[in-house]
Structure formats: structure tokens, C-alpha cells
Ligand code: PEP
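Residue numbers (the numbering used here): 2 to 259.
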């Protein structure tokens, strides 16, 4: 058993407005409390759209919920003429602890390079938040058997320029693109192969201690029915959950995978 606290993060993507979002957070909290969920044993985080964050903050602070929250993206810049971007300073002010960077829907849909992802990860750290850095191969790469080399190149590029201290606390999410939102989950062994290679890479670019400390999540069609098998893998420390995180009871069941 490692000392890494498992992290379950619900990526709502562009779903749930602030009213629906606060209902979901309330229901998630009740469900976890009913199940006597121990927040110290599994960290639970929601990642709503930007427009929900203020409402989620009010609810979490006001009712002292033991849930964390974060954003799905951040600007690499802190302020200025960047129409449509959202500064890490604003997100930190809203109490965000985490920021997703490099999700495949940003890499593919918005042309984000590893360099951009690294700049966004640095921006998150600059404002005291933890980036969840997403990496993962597409179907063609997987079919060619090149997934490990592809993902490790993304890891190296997306973490470039981070300090040793930052590398120790970063979260990495391995999300094979062919498994995101498709219902096709990687086998536990496939997830372990890549997550373990990521940890070995961290030892190479940082240190063995850093590699032991960093949480590596799996993402891609995680559900209550498959999460336990994935979490049984030595190098998988949690899950980044999309579709299944939109249902409070299903997400709570994922969070209580043991
Ligand atoms: C995601 O959005 O990061 C994700 C893994 O989605 P899903 O769980 O729906 O595959």
C-alpha cells in the first residue's frame, strides 16, 4: 500500500448550470455522509464549469462540506487582453484547489500543445492550485502499440519547466482518448502499464521520492461497476470521471470503490 491518498475527481465538462450544479453537490454530500465516507481516506473533488464555481464555493464554504472543487481549464496568463480566458488568480480567489490542464478535449478541440499545457500547469501553481495534467493516446497510437512512448513524451512536454517542489505535488491523469465518453474502458492491466511507466518517468525527470508521492489517476469511462478493478492496480491512485460524475449516487459509489 502506498501513502498516496486516492483522488476521485468529477469532470462535469460543459454540463450542469449553477443551479443544477449546486443540487448535484448537495446530493453528493448527503450520499457520501449517509455512506459514512471518510474524506481522509479518499479525496473527492468536483470540476464544474467556470460559471458554477461561485455557487459551489458558497455552498461548500457555507455548509462546510468536505468536498474539494476546481476548474476545467486556466489561462497561461495572469491578466490582460486575453478575451475569454480565465486567470488562475480569479480561480484561486473562488477557492479552487485544482485545475485540469491538457484534457484531450482541449488538446484536440482547441489545438493545445504540450507547451501550452505546461504553461497552464505553471499558472495553476503560481496561484496556489494543483494542476491535474491530462495525457493519453488516441486509438491509432494504441493500435500501433505506441501508447507508452506517446504518453511519456506528453508527460515530459507537459511538465517542462516545473520546479522540483511543483513536480512533487502535481496530479497526472492518464486518459486514453479512445476510452473517454465511449463506454470502452481500458483494462486494469492497460491502465497499470501506462500509469507505472508515468511513475518511472517521474523518477527520471524528478526523483524517486517524487515518483512515489505523485498521484496518477486513470480516466476513461470509469463507472461504479469497473472502478474497483482499476483501483486495485498498484500505480493507479484515483480516477478522473466524466459522464458518471453527473449522477450524484453513481459518483458517490465510485468514490467508495473499496
Ligand atoms: C473525462 O472527461 O475526463 C472522462 C474521463 O470522461 P468519461 O468518464 O465520460 O469517459
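Built from N, CA and C at the ideal position, the CB exists for glycine as well.
Counting of Cβ neighbours within 10 angstroms places residue 164 among the exposed residues, the total staying below 16. In terms of side-chain proximity, the C-beta atom of residue 168 is found no nearer than 6 Å to any non-hydrogen atom of the ligand PEP. In the DSSP assignment, residue 6 falls outside any beta strand (DSSP E), carrying neither H nor E. Counting along the chain, no alpha helix (DSSP H) covers residue 131; the unbroken beta strand (DSSP E) around it starts and ends at 131-136.
Taking a C-beta distance under 7 Å as the contact criterion, residue 210 and residue 155 do not qualify as a contact pair. The way I'd put it, the segment 29-49 does touch the segment 245-257; three or more beta-carbon pairs between them come closer than 8 Å. In the DSSP assignment, residue 173 forms a beta bridge with 134, 217. DSSP, reduced to helix, strand and coil, places residue 149 within a helical segment of the structure shown. Between residue 152 and residue 141, the CB-CB gap reaches or exceeds 7 Å. Within the chosen limit of 6 Å, the ligand PEP does not reach the beta carbon of residue 54 with any heavy atom. For residue 72, there is no enclosing alpha helix (DSSP H); the enclosing beta strand (DSSP E) has its first and last residue at 69-72. In this structure, the ligand PEP has no non-hydrogen atom nearer than 6 Å to the beta-carbon of residue 139.
The C-alpha of residue 234 is placed about 27 Å away from the C-alpha of residue 118.
A buried status is given to residue 187, since no fewer than 16 other beta-carbon atoms sit within 10 Å of its beta-carbon. Burial of residue 130 is indicated by the presence of at least 16 other C-beta atoms within 10 angstroms of its C-beta. About 11 Å separates the CB atoms of residue 103 and residue 125; that is not less than 8 Å, and the two are not in contact. Contact between residue 175 and residue 218 holds: their C-beta atoms lie close to 7 Å from each other, under 8 Å. Contact check for residue 24 against residue 52 fails: the beta carbons are separated by 7 Å or more.
Taking 6 Å as the cut-off, the C-beta of residue 12 counts as close to a heavy atom of the ligand PEP. If you ignore the 5 residues before and after residue 76, its C-beta comes within less than 8 Å of the C-beta of 83, 86, 87, 88, 89, 121, 124, all in its own chain and listed in chain order. The C-alpha of residue 93 is placed about 15 Å away from the C-alpha of residue 47. Annotation note: the segment 7-58 contains the following uninterrupted alpha helix (DSSP H) runs of length 4 or greater, listed N- to C-terminal: 19-35. With 16 or more other Cβ atoms inside 10 Å of its own Cβ, residue 216 counts as buried.
The C-alpha of residue 7 is placed about 27 Å away from the C-alpha of residue 21. Looking at the backbone, the Cα of residue 198 and that of residue 237 are separated by about 11 Å. By the neighbour-count criterion, in which a residue is buried when 16 or more other Cβ atoms sit within 10 angstroms of its Cβ, residue 44 is buried.
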